[in-house]
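Take a look at the structure below.
Numbering (our numbering), first residue to last: 27 to 356.
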């Protein structure tokens, strides 16, 4: 075993024993991985299998309320600050949301997320529609998830009482890079929303987007923040530049840079669900299956909010071709 393999093995054992590694360890892994990526991914796979076995879970989302968001996140097609081709419509009726969930269930998904644009839910009528949709998704035997913007404690408790399983609210990037992404709210507002969901007893899904111009140091900083607030699921999106947004011309990350990020996240967050989400098809191309090898144990399948994904049967085929199993129950 050469020195690189030996160092990666030591850090993999540390990750498993201590449920994570520190910033210096993670940066050291990246420096090794730049020139020798495959051993790092192999150990990412071992850590994934230690905590998650051979199961890979699938989730789907619905863009339940689209466009005219007052926030100025520089990557977002739905921001009212930019001119894009993103659709604009009010909250979908509960029956339509539940029907989309039924289709997702029949395609193999077990989690279904209701996603709305905007800083928060504004009216009781919208809340009532969301509660009804949550009830319907539960009746389908799925785990209902919500991504509804900022939450306070009372709103989080009501969602829990309505039957919501998981709340999703991304930090998007690290605290030190956030001012380059959004200036219409504070990073601590996002942190507090996740903590409110946790206090209410909800499972917490929180991650971010890579390819925004951040460095690996920023990605490691984000992962350590996620470790600190003890999230359950970590979605990793890869920027799909949207014409009309300030990041519409951002250069793409290389597939290997994305895979190294996933592997390092598995070392930092060994027992969490690491979910590969938006932009995976466009950015990873032929190396998409390697994302699971590198450490991902969960996939968002189907379409995203304003961009297309791929059919669930392709993802299920990929999982099985890797000798793994799509999760049949949760």
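Glycine included, C-beta positions come from ideal geometry on N, C-alpha and C.
- Taking the Cα positions, residue 227 is about 15 Å away from residue 169.
- As summarised for the stretch 159-236, the continuous beta strand (DSSP E) elements at least 3 residues long and confined to that stretch are 169-173, 192-194, 229-231, 234-236, given in chain order.
- Beta-bridge partners of residue 301 (DSSP): 261, 324.
- Contact between residue 268 and residue 142 fails: their C-beta atoms lie close to 19 Å from each other, not under 8 Å.
- Within the DSSP bridge table, the entry for residue 271 names no partner.
- In the structure shown, residue 287 adopts helical secondary structure according to DSSP, grouped into three states.
- The beta carbons of residue 246 and residue 104 sit no closer together than 8 Å.
- For residue 100, the three-state secondary structure derived from DSSP is coil.
- Note that the stretch 187-197 does not touch the stretch 124-133; fewer than 3 beta-carbon pairs, one per stretch, sit closer than 8 Å.
- Within a 10 Å sphere around the beta-carbon of residue 65 sit 16 or more other beta-carbons, which makes this residue buried.
- Residues of the same chain with a CB within less than 6 Å of the CB of residue 80, apart from the 5 flanking positions on each side, are 350, 351 in chain order.
- Within the same chain, and ignoring the five residues on either side of residue 210 in sequence, the residues whose Cβ sits closer than 6 Å to its Cβ are 97, 98.
- Annotated three-state conformation of residue 352 is strand, per DSSP.
- A direct Cα-to-Cα measurement between residue 78 and residue 323 gives close to 7 Å.
- When the five nearest sequence neighbours on each side are left out, the beta carbons in the same chain lying within less than 8 Å of the beta carbon of residue 347 are those of 315, in order along the chain.
- Just so you know, the alpha carbons of residue 296 and residue 41 end up roughly 6 Å apart.
- One thing to note: residue 284 has its Cβ no nearer than 8 Å to the Cβ of residue 207.
- Closest in alpha carbon position to residue 90, among 39, 175, 108, is 175.
- Per DSSP, reduced to three states, the secondary structure at residue 105 is strand.
- Under the three-state reduction of DSSP, residue 38 is assigned to helix.
- Between residue 67 and residue 249, the C-beta spacing is not below 8 Å.
- Within a 10 Å sphere around the beta-carbon of residue 154 sit fewer than 16 other beta-carbons, which makes this residue exposed.
- Taking all protein chains in view, the Cβ of residue 292 is crowded by 16 or more other Cβ atoms within 10 Å, so the residue is classified as buried.
- Taking C-beta separations shorter than 7 Å and ignoring five residues to either side along the sequence, the partners of residue 46 in its chain run 253, 294, 295, 296, following chain order.
- Between the stretch 261-277 and the stretch 301-313 there are three or more C-beta pairs closer than 8 Å, enough to call the two in contact.
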